[in-house]
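Notes follow the structure.
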Amino acid sequence: MPDWLQISAEAREARAVVALESTIVTHGMPYPENLETARLLESEVRAAGAVPATVAVMGGAVRVGLSAAELEQLAAASDALKLSRADLPYAVASGRIGATTVAATMICANLAAIRVFATGGIGGVHRGAETSFDISADLEELARTPVAVVSAGAKALLDLPKTLEVLETRGVPVIGYRTSEFPAFWSRTSGLRVPLRMDSPEEIARFLGLKWAMGLSGGALVANPAPEGAAIPAPEMNGFIDRAVREAEARGVAGKAVTPWILSRLVELTGGRSLRTNIALARSNARLAARIALAMSAA
Ligand code: PSU
Ligand code: MN
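Per the working numbering, the very first residue in the sequence shown carries number 380; after that it's consecutive.
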């Protein structure tokens with residue numbers, strides 16, 4: 380292994396491994412809920428019988444699988460870089476702490492031959508992208524890198540119809556897990572149909588095995604609706620989202636700062652409810668990802 384890549388011993392040895400991202404920890408949630416969530420995601424994966432590997436850049440290396448102390452250090456870091464494909468090597472070279480987004484986590488998972496990864500929601504086409512050109516590098520990565528991303532869809536602060544269009548154009552399979560509708564992160568419904576529907580982890584594992592056996596490069600997006608008890612109905616959530624998006628625009632929040640700013644504003648506007656939903660859906664995604672990884676290892 381090169382000295383810039385460190386994979387935990389258990390992740391190297393296990394049959395079923397689930398990668399977990401770290402931007403949700405450093406830029407997606409406040410401290411200390413972020414640390415608690417990072418730990419909960421790892422225990423969900425373990426409880427389902429797989430091994431978790433949280434991905435980050437620390438000490439000049441891509442780290443796949445962190446110790447408990449490292450997870451704490453990451454969650455408490457106030458100066459972590461938010462890394463995507465463009466800047467992943469910069470964090471390694473500079474020795475700074477870097478949190479990996481969906482795009483960067485996919486790249487690192489692939490380096491470690493991990494095929495399944497769980498997050499909250501992917502980035503996508505931002506509202507107003509026709510003028511801002513703000514389209515998350517997550518979409519391009521899904522088209523390129525052979526890792527299945529288990530999510531609650533794309534974050535509903537985005538333009539979801541355009542996000543689905545880009546995924547279709549780039550040949551990324553979008554799979555609704557036990558739903559025919561594309562979930563909207565905090566809400567189970569979006570009014571948009573999901574292109575593919577599958578109802579078991581085994582079905583998803585078989586689909587992925589076939590896709591890659593056929594030489595179809597790139598990843599897949601599994602969209603798992605937020606748990607019933609924790610989801611916020613779309614009509615209720617949309618008002619908060621519209622307001623937060625407008626405020627971000629008025630303040631000139633741009634680039635990498637947009638998603639973290641809106642997420643934290645939504646926690647304020649919903650009195651903490653959106654954070655509880657985010658934690659619940661991420662846990663549910665970690666569980667499903669573990670079941671898919673196990674089904675893939677059994678095939
Ligand atoms: N899921 C969450 N919270 C988050 C993210 C995902 O529940 O904060 C992060 C992911 O790392 C994703 C990123 O890649 O938000 C999207 O950022 P952008 O829109 O700047 O590409
Ligand atoms: Mn962006």
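Think of the CB as a built atom: it goes at the ideal place given N, C-alpha and C, for glycine as much as any other residue.
Listed as beta-bridge partners of residue 410 by DSSP are no residues whatsoever. Taking 7 Å as the cut-off, one finds at least one heavy atom of ligand 2 near enough to the beta carbon of residue 634. In this structure, the alpha-carbon of residue 534 lies about 31 Å from that of residue 592. An exposed status is given to residue 512, since fewer than 16 other beta-carbon atoms sit within 10 Å of its beta-carbon. A direct Cα-to-Cα measurement between residue 453 and residue 405 gives close to 7 Å.
Straight through space, the alpha carbons of residue 562 and residue 551 are spaced by roughly 17 Å.
For residue 599, the pairing in a beta bridge is given by DSSP as 527. Taking a 10 Å sphere around the C-beta of residue 400, we find 16 or more other C-beta atoms and assign the residue as buried.
Across the set 516, 426, 441, the C-alpha of 516 shows the shortest separation from the C-alpha of residue 503.
Boundaries of the alpha helix (DSSP H) around residue 590: 580 to 592. Taken from the Cβ of residue 412, every heavy atom of ligand 1 lies 7 Å or farther away. When the Cα atoms are used, residue 484 and residue 431 turn out to be separated by approximately 13 Å. Buried is the label assigned to residue 597, since at least 16 other Cβ atoms lie within 10 Å of its Cβ.
Shown here, residue 498 sits in coil according to DSSP, grouped into three states, outside any helix or strand.
In this structure, the alpha-carbon of residue 540 lies about 21 Å from that of residue 645.
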